[in-house]
Amino acid sequence: MHKLVSRFSLALMTPILFLILWSWIAGRVDNQVIMPSVDAVLDLLSQPNQDLISMGSLVTNVLVSLIRVLIGYLLAAIIAVPLGIAMGYSAVTYTLFNDFLNIFRPIPPLAWVPLVMAWFGVASLADMFEVEDGQWFIYLSNFKYSMMFIIFIGAFFPILTSAIHGVKNVNRIFIDSARVLGAGERTIFFKVLLPAAMPAIVNGMRIGLGIAWMCLVSAEMLPGSLAGIGYLITHAYTVASTDIVIAGMVSIGLVGALMDALFRYFEVKKFNWQRLNR
Amino acid sequence: MCGSAVMEVAGLRKEFITERGEAVRALDRVDFEVFPNDFLCIVGPSGCGKSTLLRIMAGLEQASFGSATFHGEILTRPHQDVGMVFQEYSLFPWRTVMDNVTLGLEFRGMSCHERRSIGEEYLHLIGMEQFAGAFPYELSGGMRQRVAIARALATEPDVLLMDEPFGALDAHTRILLQKELLRIWEHKRTTILFVTHSVDEAIYLADRIMVMSARPGRFKKEIRVEMERPRDRAMPEYGRMAAGILDMLEQEVVMG
């Protein structure tokens, strides 16, 4: 118990020092646009449901962003995980795709923006479901193909790479012992390779989600965007509400850290056994 | 030697091509037979290809020339009546001890219920019933190897190949497991082919010891161990035999 308290207070030291430094600088600068006070930002964060510059609240904007990221991310995972497993498993698939995909890997998601705009314009889920007006149009038009594509690109490569290496790096001894115990190729794939590679795959999915979330602001700066936490930040900047900018950044940080923590919790629970692999 | 051989290795040769493109002969003209209920040990200097020999007999690798046969059938892939225990920890870390022991039965499509009762029998055999639900990372090295032995025996193989299974263990645990293995062998009477570089281990365990030469690995000499089990390491005969084999191995190192 004592240990826990001291660990906790130690972990709190840096943020508290940071806040003291911030409020001291804000006092010296004395300009809410350049350096808003700690109070102003905390005030915004303590009422996350309050409407900001007629853009909706922090919560609604975070939710819109979260759904965008999850759609783009899930599409990336659905394609990258099976493809990565196939590439790790079969040398033919690896040779077939690896060099090709390596050309795309170094392209920053942001560099796709012009092309993506040319392809998708402002098309959104509303077009997919053929909704043209009403409340549902307002909801669905928030989820534009262009944004989800940028997020997809961001999440795709880390997930793919981890899946490939997860399968390739499975210890040979597991495969050999399965063979001796009478396993065929199919059994080895499902009962040895997949479970052995799973921690690496899930770890890649966690990193992919972090990167997808980081691509958010660039995705939400695309034309046609009318909501989302990234958009809120850019819009708040144009009306010189730096306190909202900071509150938005803090929200992005908090939500990102929370998603990462959830993933880690799951990894620790599920893949406790990895400790064997020293 | 009565009865016909369970396994037979005839004119076996194994060559590797190294990364620099040179051909290396790991094993050359290896001939021997394994008889039912044999406890046969192969000793040799490291790098003499004894692990390779065992992997060929397990059907995990192919011979370059000659053959390894099981009841007259040439082994090109693992045979369900030939089991193997490896030096490295080979338990599946994501499975419990019980699910590891019953792995071979699961691969054979046995029902869950049957698997459990056989699994319990073999956990009882190695005295680890209370660890059925434990994961490998919770076990010591010695316990992991005992589970690996139980896993290999659970499918009731005719021959058990053991590739330095105690090589990674500390000296004390190693001696305990040697005793344990003899107890299991006397109970099950599975034919065992055991590879080791420890002369002491070979004399303690085996009925027959085959001494191998350095690369390319060949059989130099076969020695029968007639001492009663459990063998006493303090017996003069034990020491004489150990000294004799060590001499033979030493010549190999000098020549190599």
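So the sequences go chain by chain: A and B. In this text, residue positions in the first sequence follow numbering that gives the first Met the number 0: the first is 0, and each later residue adds one. In this text, residue positions in the second sequence follow numbering that gives the first Met the number 0: the first is 0, and each later residue adds one. The C-beta atom is built at its ideal place from N, Cα and C for all residues, glycine as well.
Straight-line spacing of the CA atoms in A:ALA79 and A:ILE19 works out to 44 Å. Rounded to the nearest whole angstrom, the C-alpha separation of A:ARG178 and A:PRO107 is 43 Å.
A:PHE103 sits close to A:PHE156, with the two beta carbons spaced by under 9 Å. For the segment 152 to 171 of chain B, the set of residues with a beta-carbon nearer than 8 Å to any beta-carbon of chain A comprises THR154, in chain order. The shortest CA-to-CA distance from B:ILE222 to any of B:ILE244, B:ARG173, B:GLY46, B:ASP37 is the one to B:ILE244. One thing to note: B:THR190 has its Cβ within 9 Å of the Cβ of B:PRO35. Here A:GLY255 really is in contact with A:TRP212; their C-beta atoms are around 5 Å apart, less than 8 Å.
Close CB contacts of A:GLY87 within its chain, under the 6 Å cut and outside five residues either way in sequence, are with ILE163, VAL166, LYS167 (chain order).
The Cβ atoms of B:PHE69 and B:VAL81 sit closer than 9 Å to each other. For the segment 171 to 192 of chain A, the residues whose beta carbon sits under 7 Å from a beta carbon of chain B are, in order, ILE172, PHE173, ASP175, SER176, ARG178, VAL179, LEU180, GLY181, ALA182, THR186. In this structure, the beta-carbon distance from B:THR172 to B:VAL42 does not fall below 9 Å. Looking at B:PHE165, B:ALA170, B:LEU74, the one whose alpha-carbon comes closest to that of B:LEU180 is B:PHE165. Its Cα nearest to that of A:VAL191, the residue B:GLU105 stands out among B:MET240, B:VAL224, B:LEU175, B:GLU105. With respect to chain A, the C-beta atom of B:MET209 has no partner C-beta closer than 9 Å. Secondary structure note for B:CYS111: its alpha helix (DSSP H) is the uninterrupted segment 111 to 124. Taking B:VAL198 as reference, the option from B:GLY126, B:GLN86, B:GLU60, B:VAL224 with the minimal CA-CA separation is B:VAL224. Contact with chain A is absent for B:GLN144, since none of that chain's Cβ atoms lies less than 9 Å from the residue's Cβ. For B:HIS186, the number of other beta carbons within 10 angstroms of its own is below 16, and it is reported as exposed. Beta-carbon to beta-carbon, A:LEU124 and A:LEU139 are separated by about 4 Å, close enough to satisfy the 8 Å threshold. By the Cβ rule, the segment 239 to 251 of chain A does not count as touching the segment 193 to 207 of chain A, because fewer than three pairs are nearer than 8 Å.
For A:ILE152, the closest C-alpha among the options A:LEU257, A:LEU109, A:GLY252 is that of A:LEU109.
Boundaries of the beta strand (DSSP E) harbouring B:ALA22: 22 to 33, taken from the DSSP string.
Counting along the chain, the unbroken beta strand (DSSP E) around B:MET211 starts and ends at 207 to 211. At a cut-off of 9 Å between beta carbons, B:GLY132 makes no contact with chain A.
Counting the other CB atoms within 10 Å of its CB gives B:SER89 a total of 16 or more, which places it among the buried residues. Pairing B:ASP37 with B:GLU137, the inter-Cα distance amounts to about 34 Å.
With 16 or more other Cβ atoms inside 10 Å of its own Cβ, A:ILE200 counts as buried. Judged by DSSP in its simplified three-state form, B:VAL81 adopts strand. Within the same chain, LEU57, ALA246, VAL249, SER250 come within 8 Å of A:LEU44 by CB-CB distance, once the 5 residues on both sides are set aside. At least 9 Å separates the CB of B:LEU180 from every CB of chain A. Judged by their CB atoms, B:MET127 and B:ARG115 are not nearer to each other than the 9 Å cut-off. Taking a cut-off of 8 Å on C-beta distances, the segment 52 to 66 of chain B does not touch the segment 231 to 240 of chain B, as fewer than three cross pairs fall below it.
Near chain A, meaning a CB-to-CB distance below 9 Å, the residues of the segment 33 to 57 of chain B are ARG54, ALA57.
B:GLN86 places its beta carbon less than 9 Å from that of B:SER50. Straight-line measurement puts the Cα of B:LEU160 at about 17 Å from the Cα of B:LEU11. Within the segment 171 to 252 of chain B, complete alpha helix (DSSP H) segments of at least 4 residues are found at 198 to 204, given in chain order.
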